[in-house]
Structure formats: structure tokens, C-alpha cells
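Engineer: full-length UniProt numbering puts the sequence shown at residues 1 to 179. Note that CB positions come from ideal geometry on N, CA and C, so glycine has one too.
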Amino acid sequence: MLACYVYQPPLRSDWSTVEITSAAINRLRADQNWLQILRGGRIRVIMHKYKNVKHMGSQAVEVDSGVLKRYLRYWVDLLTRLSGNSPKQLFIWRLAPDKPVSMSTTNRESFSKALSRASEGILSKRQTVNSFRHAYEIALQRDPKYQDLTVAARDRAHKQLLHSHRTGLLYNWQIPLTE
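1) Under a Cβ-count criterion, where at least 16 other Cβ atoms within 10 Å of its own Cβ denotes burial, should S119 be classed as buried or exposed?
2) Out of curiosity, what's the CA-to-CA distance linking S102 and Q147?
3) Taking the CB atoms as reference points, tell me whether A157 and L170 lie closer together than 8 Å.
4) Please return the same chain residues whose Cβ sits closer than 6 Å to the Cβ of I37, not counting the five positions on each side in sequence.
5) Which residue from D64, R94, L11, D143 puts its Cα closest to that of L78?
6) By DSSP, does V63 sit in helix, in strand, or in coil?
7) Buried or exposed: where does L82 fall if 16 or more other Cβ atoms within 10 Å of its Cβ makes it buried?
8) Candidates L162, R154, V6, L161: which alpha carbon is nearest L68's?
9) If you count every other CB in all the chains shown that lies within 10 Å of the CB of L123, and 16 or more means buried, which is it?
10) Only counting runs of 4 or more residues, tell me where the alpha helix (DSSP H) segments fall wholly within the segment 114 to 149, in order along the chain.
Laid out in C-alpha cells, this is it:
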């Protein structure tokens, strides 16, 4: 779960809403978010339902991190082996050594709480979804290469977070870009 916020531009709590598929994008329902696992190793998150969808429209976010791709494949494979079926959902599973694998009722709020608890266990500090988003924005905007990007390239970088370049700048208005 944490890998989705560390190795990839962090989406809001939208990871809790994705369903796993290998179907072509034109065969996917437009009322659902998808984790599309394709042949050749490509993985992308297809977002049809998220906070800014009216402004930005549906988005396909490529998972570029080799580490995250590997973790996602391992996770899906583990769920398949433990449950005996191909999983439909990504992060709503209960795993216990003495009980069968079962689905949990996870919504965005409970997913956010689980992410916060997991971050405390691994990072020794509770982090929220917004903490990860702020950290990514700060790193993005402080990167010397960012200063040389065109406005269109900056827009593409911010679009991976499902918001605009302008929103990204407003998101961190209180953080100085240089030290």
C-alpha cells in the first residue's frame, strides 16, 4: 500500500477504488477506476471517478516505477494464490495466518486510516495521503530540472497527481522553493 504513495506520484485515496483488469481501455466501464495490468509489463491506473474529474476528465496514469510494478504484480499474485481466484479489488483484503482470505469493506476513509497506520509502522511517523502528496509536490518543484520545464511539461507532471500545474503551485504556497 505504501509503495503506491512512495514510488509513484501519489493519488488521493483513489487506490482504494481501483479494480484489477487486463481488458483493453475501450472495454472498461467509465463509472469505475481501474488498475490495468497489460502484457509486456505495462501497468496503468485508469481514473474515471476522482475529485477533479469534471475539470480534468478521465485520466490514464502510467505506473513508471519498476519497483512499484513488481510489488503490484507480487501482490496480485499473492492474492490469487491465497484466494484461489483472480482478485477483483486491489486493497480490500483481510489476511490472517489462521483465517481464510476474505474481502473487507474498505472505503476511502478506512483506506486512508490504514495507510496512516502502515506509515507509522514503517516510517515511525504517521503520514496522511496529503502528507505524501505534499512531499511529492515539494520534491517535484525543488528539482532543478523542474525549473527548466515548459508550462506544458509542468502540466503533465502535475497531471500525474490528478491536478493542474496551478493547483500544484497553490498546494505548496506556504513552502519556500529554495532554502
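Structural biologist: Put simply:
1) Counting C-beta atoms within 10 angstroms of its own C-beta, S119 has 16 or more neighbours from the protein chains shown and is therefore classed as buried.
2) Those two C-alpha atoms are separated by around 48 Å.
3) The answer is no: Cβ separation not under 8 Å.
4) Counting only residues of its own chain and dropping the five nearest sequence neighbours on each side, I37 has a CB closer than 6 Å to the CB of S22, I43.
5) Of all alpha-carbon atoms in D64, R94, L11, D143, the one lying nearest the alpha-carbon of L78 is that of R94.
6) Three-state DSSP puts V63 in coil, outside helix and strand.
7) It counts as exposed.
8) Of the candidates L162, R154, V6, L161, V6 places its Cα closest to the Cα of L68.
9) With fewer than 16 other Cβ atoms inside 10 Å of its own Cβ, L123 counts as exposed.
10) Taken in chain order, the complete alpha helix (DSSP H) segments of 4 residues or longer contained in the segment 114 to 149 are 129 to 142, 144 to 147.
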